[in-house]
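Numbering (the working numbering), first residue to last: 178 to 455.
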C-alpha cells in the first residue's frame, strides 16, 4: 500500500498515478469482461485513494468519514481481485491467446498488495515474470520489478507500528536496524523497476514517490529510535531525498500535472528539492 509513517498518524498512501499505471488493454470478446471489471474496480478505488490522500476531503472531513472512505477503497480493490479470481479455464486460455495474461497477473499482484496480501503479491509477481514475461507491457514490468520494494516499504511501516509505546533499548536498536535493511532493499528493488522503464515513461512519477515513501519511513525510524545524531536522516539519504524531490518536481512540470505531489513529499520529509534547474 506504499505506507510511509510518522508517529501515530494515518499512513499517506501514494496513489496519485495508479489509475494511469494500471490502464490495461482489453480485446472485444466475452472472455475479457472480468478483466475489464477488475480494471474498472481497481481504477475507481485508486482514484478515490488519491483524492483521500492528496485532495481536500481528509482535511475537511471527520475521522469517521476518512475511515468510511478507506473501507470503500479497500472494497474496490477486493472487487477487482474477486473479478480476476472468477476467471475460468476458458477465460484464462483466451486471455493467454490474446496475450493479456501478463496484464491479468500484474493487476492481480497489485490488488493483492493493496489489500495487504503481501506473500501472495510476491508470488503472483514472480509467476507473471516466469510464465508471462513476453506478455507484460514495459510499464507493468517496471511495477512488478518494483513490487518487492513496495512490499518492503510496507513491512518497514509495520515494524514501526508494532513497537510498544516505550520500547526497550534492545527493541529500539533491533527495529532501527531492521528498518534500515528493509529500506535499503526497497530502494534497490524500486530502482530496478525504474531501470526497466523508458527514461521518459510516466511510471517514474509513481516510483519516485515510492522511493520517497520508503525514505520517510527511514526518517521516522531514526527520529523515534536513534540516539544523538542518529535521530536524523543520514546525510547521504537526505541528499538522495532532495534529488528525488527535484526529479519529481521536474517530471511533474514536464507532464503538466494538475496536482504536483512535490510539495506533499517535501512537507512530509521537511526537506526542499535539490537546487538547480531541471
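Built from N, CA and C at the ideal position, the CB exists for glycine as well.
Tell me which residues share the same chain as residue i and place their Cβ nearer than 8 Å to its Cβ, disregarding the 5 neighbours each side in the sequence.
{"i": "residue 292", "result": "251, 254, 255 and 258"}
{"i": "residue 473", "result": "Because the chain in this structure spans residues 178 to 455, residue 473 falls outside the shown range and cannot be described."}
{"i": "residue 432", "result": "379 and 382"}
{"i": "residue 298", "result": "286, 287, 289, 290, 324 and 328"}
{"i": "residue 263", "result": "211"}
Within its chain, find whatever has a CB closer than 7 Å to the CB of residue i; leave out the 5 residues flanking it on each side and keep chain order.
{"i": "residue 332", "result": "359"}
{"i": "residue 421", "result": "385, 388 and 389"}
{"i": "residue 318", "result": "373"}
{"i": "residue 340", "result": "348 and 352"}
{"i": "residue 424", "result": "385"}
On the premise that residue j lies in contact with residue i, defined as a C-beta separation below 8 Å, what is that separation, rounded to the nearest angstrom?
{"i": "residue 302", "j": "residue 366", "result": "Not really, about 11 Å apart at Cβ, beyond 8 Å."}
{"i": "residue 368", "j": "residue 329", "result": "So it is not a contact: roughly 13 Å between Cβ atoms."}
{"i": "residue 295", "j": "residue 209", "result": "Not confirmed; about 28 Å, so no contact."}
{"i": "residue 452", "j": "residue 443", "result": "Actually they do not touch by this definition, with Cβ atoms about 13 Å apart."}
{"i": "residue 394", "j": "residue 327", "result": "About 12 Å separates the two Cβ atoms, so there is no contact after all."}
{"i": "residue 392", "j": "residue 418", "result": "5 Å"}
{"i": "residue 315", "j": "residue 375", "result": "7 Å"}
Going by the CB atoms, is the gap between residue j and residue i shorter than 9 Å?
{"i": "residue 356", "j": "residue 410", "result": "no"}
{"i": "residue 244", "j": "residue 278", "result": "no"}
{"i": "residue 269", "j": "residue 320", "result": "no"}
{"i": "residue 448", "j": "residue 415", "result": "yes"}
{"i": "residue 306", "j": "residue 276", "result": "no"}
{"i": "residue 446", "j": "residue 396", "result": "yes"}
Apart from the five residues just before and just after residue i, which ones in its own chain have a Cβ nearer than 6 Å to its Cβ?
{"i": "residue 370", "result": "319, 322, 323 and 384"}
{"i": "residue 437", "result": "429"}
Q.
Could you tell me which whole alpha helix (DSSP H) segments of length 4 or greater appear in the stretch 365-409?
A. 380-402
Q: Let me know the alpha helix (DSSP H) ranges lying completely inside the stretch 294-370, each 4 residues or longer, listed in chain order.
A: 295-308 and 315-338
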